[in-house]
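Keeping their order, the protein sequence lines are chains H and L.
Using this note's numbering, the first residue of the first sequence is number -3, and each one after it goes up by one.
Using this note's numbering, the first residue of the second sequence is number 64, and each one after it goes up by one.
Glycine is no exception: its CB is placed at the ideal position from the N, C-alpha and C atoms.
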Amino acid sequence: MRSCKEIGKLVSESHDRRLSFYERLSVRMHLAMCLLCRNFSKQIQFIRRLTKAAGESGPDSLLVEGTLLDQSLTPEAKSRIKKMVSRGRS
Amino acid sequence: MKNHTPDKKPDPSSWVDQHGDVLYRFALLRVEDPHVAEDLVQETFISALQGLDRFRGGSQVRTWLVGILKHKIIDYFRRTTREVVSSDLSALDEPSDEEAINRMADARARAGTWQDTPDNLLENKEFWKAFVGCMDGLKPAFRRAFALREMDGLNTEEICKILDITSTNLWVILHRARAKLRDCLEITWFGRG
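In structure tokens, the structure reads:
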């Protein structure tokens, strides 16, 4: 019987590598019995889902709306970059 | 008045205003330092100008710029991985980590189920503030590995090459990063009064 600590690690690793048959089996058996590790497994998926949404850069992304981060380039940085762009074109 | 196909004739002079902030936020979410994020955005615009003839008008300007920025970020990670990642890696074997794991297990035991659904949280500014705060709390190596894996969806082999680490180390780092984020979100968001 593996400990919760070991199962937690396997649950995380299952998102990054293919677990062996025995690893999958022990995770499944453990999760069937252990509410806390089931929670952990759900929370990891929850975080993955949110992180993926945070990283997206499409037209409706959180970065565009500024929901996720509302920081902007400083005016100085903007004008410096603009100068560079116009110089680069001439 | 121009017609409504702005991508047909790229107009780089308006790009900084149109896309600068989004690119900056994109970088800021991945690198630790605002100055570095700013530099990467600048480099992105310079590279874009140099490669203007390779830009195929069909794809959106922003998508194209973000693609360039992604490469800039990965190059930056590569350049600085030796100084940043190796020190964080050596911390993996420190005995104090054992204690951290116990604390983690304890926090796990106390964790309740998270009642919100991810979709409910997407538009919640306060939640994202907590989320970014938790990301900022990760050690740089953890943060980099986590961002490459979960935000950008790179496969583990690519990440190992960029960060110059073994896959076993990467699995440990990703597990710790997820667990730490989970603990942090539990404390700062889900479990709050």
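Query - Proximity of L92 of chain L and A50 of chain H at Cβ, strictly below 8 Å - result: The answer is yes: Cβ separation under 8 Å.
Report task. Keeping to the same chain, check which residues put their C-beta closer than 8 Å to that of C33 of chain H; ignore five residues upstream and five downstream. Result -> C0, I3, G4, V7, H26, L27
Query raised in the report: Looking only at its own chain, which residues have a Cβ that is under 7 Å from the Cβ of L152 of chain L, when we skip the five neighbours before and after it?
Result: Excluding the 5 residues flanking it on each side, L152 of chain L has same chain C-beta neighbours closer than 7 Å at A204, I228, N232, in chain order.
Requested in this report: Report back the beta-carbon spacing between L69 of chain H and V104 of chain L to the nearest angstrom; my notes put them in contact at under 8 Å.
Outcome: Between V104 of chain L and L69 of chain H the Cβ distance is about 7 Å, and since that is below 8 Å, they are a contact.
Query raised in the report: Does DSSP put E212 of chain L in a helix, in a strand, or in coil?
Result: Reading the sequence as shown, one finds Arg at residue 212 of chain L and not Glu. In this structure, R212 of chain L counts as helix in the three-state DSSP scheme.
Requested in this report: May I ask you to list, following chain order, the residues of the segment 82 to 102 of chain L that have a beta carbon less than 7 Å from some beta carbon of chain H?
Outcome: G83, D84, V85, Y87, R88, F89, L91, L92, E101
Query raised in the report: In chain H, which residues lie less than 8 Å from T219 of chain L when you measure between Cβ atoms?
Result: D12, R13
Requested in this report: Pick helix, strand or coil for K5 of chain H, following the three-state DSSP scheme.
Outcome: helix
Report task. Closer than 8 Å by C-beta to R44 of chain H: which residues in its own chain qualify, once you throw out the five before and the five after it? Chain order, please. Result -> H11
Query raised in the report: Using the C-alpha atoms, what's the distance from E9 of chain H back to Y18 of chain H?
Result: 14 Å
**Report entry** C-alpha distance - H67 of chain L paired with L128 of chain L, whole-angstrom precision
**Finding:** Because H67 of chain L sits at a pLDDT of 49, beneath the cut-off of 50, its placement in the model cannot be relied upon, and the point is left open.
Report task. Starting from the C-beta of S124 of chain H, find all residues in its chain whose C-beta is less than 7 Å away, skip the five residues before and the five after it, and write them out in chain order. Result -> The question about residue 124 of chain H has no answer, for chain H in this structure spans -3 to 86.
**Report entry** Length of the line joining the Cα atoms of V23 of chain H and C197 of chain L
**Finding:** Separation of V23 of chain H and C197 of chain L (C-alpha to C-alpha, rounded to the nearest whole angstrom) is 28 Å.
Requested in this report: List the residues of chain L that M80 of chain H touches, going by C-beta distances under 8 Å, in chain order.
Outcome: Q105, F108, I109
Query raised in the report: Using a Cβ cut-off of 7 Å, which residues of the segment 61 to 79 of chain H contact any Cβ in chain L, in chain order?
Result: From the segment 61 to 79 of chain H, only T63, L64, L65, Q67, S68, L69, A73, K74, I77, K78 have a Cβ closer than 7 Å to chain L.
Query raised in the report: Where does N232 of chain L sit, in a helix, a strand or coil, going by DSSP?
Result: In the three-state scheme derived from DSSP, where H, G and I count as helix and E and B as strand, N232 of chain L is classed as helix.
**Report entry** Proximity test, Cβ basis, 8 Å: D215 of chain L and chain H
**Finding:** It does; some Cβ of chain H falls within 8 Å.
**Report entry** Buried versus exposed, by CB contacts within 10 Å (16 or more), K202 of chain L
**Finding:** buried
**Report entry** For R87 of chain H, three-class secondary structure by DSSP
**Finding:** A query on residue 87 of chain H cannot be resolved here, the shown segment of chain H reaching from -3 to 86 and no further.
Query - chain H within 8 Å of L226 of chain L, Cβ atoms only - result: no
Query - Presumed contact (8 Å Cβ cut-off) between A208 of chain L and L248 of chain L, rounded CB distance - result: With 8 Å as the limit, A208 of chain L and L248 of chain L do not qualify as a contact, their Cβ atoms being about 18 Å apart.
Query raised in the report: Quick check: the segment 71 to 81 of chain H against the segment 96 to 110 of chain L, are there 3 or more CB pairs under 8 Å?
Result: Enough Cβ pairs lie closer than 8 Å, so yes.
**Report entry** Interface flag, S22 of chain H vs chain L, CB-CB below 8 Å
**Finding:** no
**Report entry** Within-8 Å CB hit, T63 of chain L to chain H
**Finding:** Outside the displayed range of chain L (64 to 256) lies residue 63 of chain L, so it cannot be described from this structure.
Requested in this report: Report buried or exposed for R88 of chain L, applying the criterion of at least 16 other Cβ atoms within 10 angstroms of its Cβ.
Outcome: buried
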